[in-house]
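Down below is the structure, laid out as structure tokens.
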Amino acid sequence: MTALILHGGAGARRGTDYSREAAHMREVVEAMKARLDAGASAMEVVVEATVMLEDSGLYVAGRGASPNLAGAYELDASLMDGTTREAGAVAALQGFRNPVRVARAVMQHTPHVMLAGEGAALFAAEQGMEAIGDEPAWFTHAGQSDDNHPPKGKLSHGTVGCCVLDSQGRLAAATSTAGVFGKMPGRVGDTPLPGAGSWADGRVAVSSTGTGEYFIRAVAAAQVAWRVEAGQSLAEAAQAVIDDVGGMGGDGGMIALDRDGNITHPFNSQGMKRAWLTPTGEIGVEVFGR
Numbered sequence: 130m131t132a133l134i135l136h137g138g139a140g141a142r143r144g145t146d147y148s149r150e151a152a153h154m155r156e157v158v159e160a161m162k163a164r165l166d167a168g169a170s171a172m173e174v175v176v177e178a179t180v181m182l183e184d185s186g187l188y189v190a191g192r193g194a195s196p197n198l199a200g201a202y203e204l205d206a207s208l209m210d211g212t213t214r215e216a217g218a219v220a221a222l223q224g225f226r227n228p229v230r231v232a233r234a235v236m237q238h239t240p241h242v243m244l245a246g247e248g249a250a251l252f253a254a255e256q257g258m259e260a261i262g263d264e265p266a267w268f269t270h271a272g273q274s275d276d277n278h279p280p281k282g283k284l285s286h287g288t289v290g291c292c293v294l295d296s297q298g299r300l301a302a303a304t305s306t307a308g309v310f311g312k313m314p315g316r317v318g319d320t321p322l323p324g325a326g327s328w329a330d331g332r333v334a335v336s337s338t339g340t341g342e343y344f345i346r347a348v349a350a351a352q353v354a355w356r357v358e359a360g361q362s363l364a365e366a367a368q369a370v371i372d373d374v375g376g377m378g379g380d381g382g383m384i385a386l387d388r389d390g391n392i393t394h395p396f397n398s399q400g401m402k403r404a405w406l407t408p409t410g411e412i413g414v415e416v417f418g419r
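Just so we're aligned, residue 130 is where the sequence shown starts under this note's numbering, counting upward by one.
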């Protein structure tokens with residue numbers, strides 16, 4: 130049995146055409162279905178899917194990043210292996226193409242969970258990660274036509290993420306972002322923080338998207354897992370966490386997948402770009418429908 134769910138951010142606004150994003154998310158799911166059918170591990174697939182999302186330039190992550198207030202492009206990512214609970218993350222990474230690849234290298238090749246700023250960039254270079262040349266020309270600034278006009282008092286945001294269950298019953302999760310629009314230099318949200326932006330253990334895998342400050346305060350991704358362990362269904366647990374985030378004034382959503390192949394994708398924003406693969410092989414794509 131295999132299953133997968135991914136998201137392209139919870140910043141979707143009604144009245145905007147997301148047909149390109151919907152078609153691309155379906156393409157990613159179809160490609161990852163082939164990888165899972167061929168026996169790829171959950172960790173391999175979660176990285177490959179996130180790389181495709183980062184490289185597309187369609188979402189506020191990877192190539193779709195916009196600069197911070199100082200004009201710099203700072204990227205964040207994290208991932209987690211549900212079998213071992215190993216995790217890797219980078220925060221405020223500059224100058225490199227795929228932060229999720231660097232996060233995986235942190236997990237595999239260092240004794241640490243997270244590297245940030247200049248240290249993350251030095252490590253990425255040492256690992257031979259692909260550097261970006263002319264930064265402003267490379268980035269697409271995805272979402273600025275729709276995601277940078279949030280409701281009053283909200284921070285505009287965008288993230289990508291993926292959760293995978295492989296044929297061996299292993300779970301993995303990854304999340305990647307360029308952060309909220311107009312962020313202060315050095316600002317770090319929930320995305321690179323295991324427990325807030327990503328979580329995977331033997332029961333569930335979770336990826337968050339939204340106003341990260343609130344997801345940090347809720348320990349959102351891990352809270353889903355704790356609620357499932359306490360006896361709630363996956364859907365009940367994830368919805369309760371989004372309600373918790375909303376109760377503090379935050380907006381966003383999350384995707385979650387459990388070891389039985391159940392998926393859920395609650396959000397309290399206008400829309401959340403997401404797509405999934407069920408254990409029966411069904412592929413679905415939604416932006417606004419619940």
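For glycine and all other residues, C-beta sits at the position ideal for the given N, C-alpha and C.
Restricting to Cα atoms, I'd like to know which of M401, L208 and R226 is closest to H241.
The shortest Cα separation from H241 among M401, L208 and R226 belongs to L208.
Buried or exposed for Y149, going by 16 or more other Cβ atoms inside 10 Å?
Residue 149 is actually Arg in this sequence, not Tyr. It is exposed - the Cβ of R149 has fewer than 16 other Cβ atoms within 10 Å.
Could you pull out every unbroken alpha helix (DSSP H) segment of at least 4 residues lying fully inside the stretch 136 to 166, listed in chain order?
Fully enclosed alpha helix (DSSP H) runs of 4 or longer: 148 to 166.
From the DSSP output, in three-state form, read off I134 for me.
Of the three classes helix, strand and coil, the one that applies to I134 here is strand, per DSSP.
Hey, could you find the ends of the beta strand (DSSP E) V335 is sitting in?
V333 to G339 is the extent of the beta strand (DSSP E) around V335.
Between which two residues does the beta strand (DSSP E) carrying M209 extend?
Counting along the chain, the beta strand (DSSP E) containing M209 begins and ends at L204 to D210.
Please list the terminal residues of the continuous alpha helix (DSSP H) segment that includes L229.
It should be pointed out that residue 229 corresponds to Val in this sequence rather than to Leu. P228 to H238 is the span of the alpha helix (DSSP H), which, as asked, contains V229.
Please name the residue, chosen from V374, D319 and Q352, that lies closest to G290 on a Cα-to-Cα basis.
Nearest C-alpha to G290: D319.
Among the residues of its own chain, which have a CB less than 8 angstroms from the CB of A250, if the five just before and after it don't count?
Same-chain partners within the cutoff: L222, Q223, G224 and F225.
Give me, in chain order, the residues of the same chain whose beta-carbon lies closer than 6 angstroms to that of P420; leave out the 5 immediate sequence neighbours on both sides.
Lying before the first or after the last residue shown, residue 420 is absent from the chain, which here runs from 130 to 419.
Taking 9 angstroms as the threshold (C-beta atoms), are V229 and V180 in contact?
Yes, they are a contact pair.
Just to confirm, is the Cβ distance from L294 to D372 under 9 angstroms?
The answer is no: Cβ separation not under 9 angstroms.
Do three or more CB pairs link the stretch 396 to 411 to the stretch 133 to 152 at distances below 8 angstroms?
The stretch 396 to 411 vs the stretch 133 to 152: in contact.
Given this structure, state the Cα-to-Cα distance separating D380 from P395, to the nearest angstrom.
In a straight line, the C-alpha of D380 is about 11 angstroms away from that of P395.
For the beta strand (DSSP E) containing I412, list its first residue and its last residue.
From DSSP, the beta strand (DSSP E) with I412 extends over I412 to E415.
For V348, collect the residues of the same chain with a Cβ closer than 8 angstroms to its Cβ; drop the 5 residues on either side in sequence, then sort them by chain order.
Closer than 8 angstroms at the Cβ level, and outside the excluded window around V348, lie G324 and A325.
With 16 as the cutoff for other CB atoms within 10 Å, does W267 come out buried or exposed?
Exposed.
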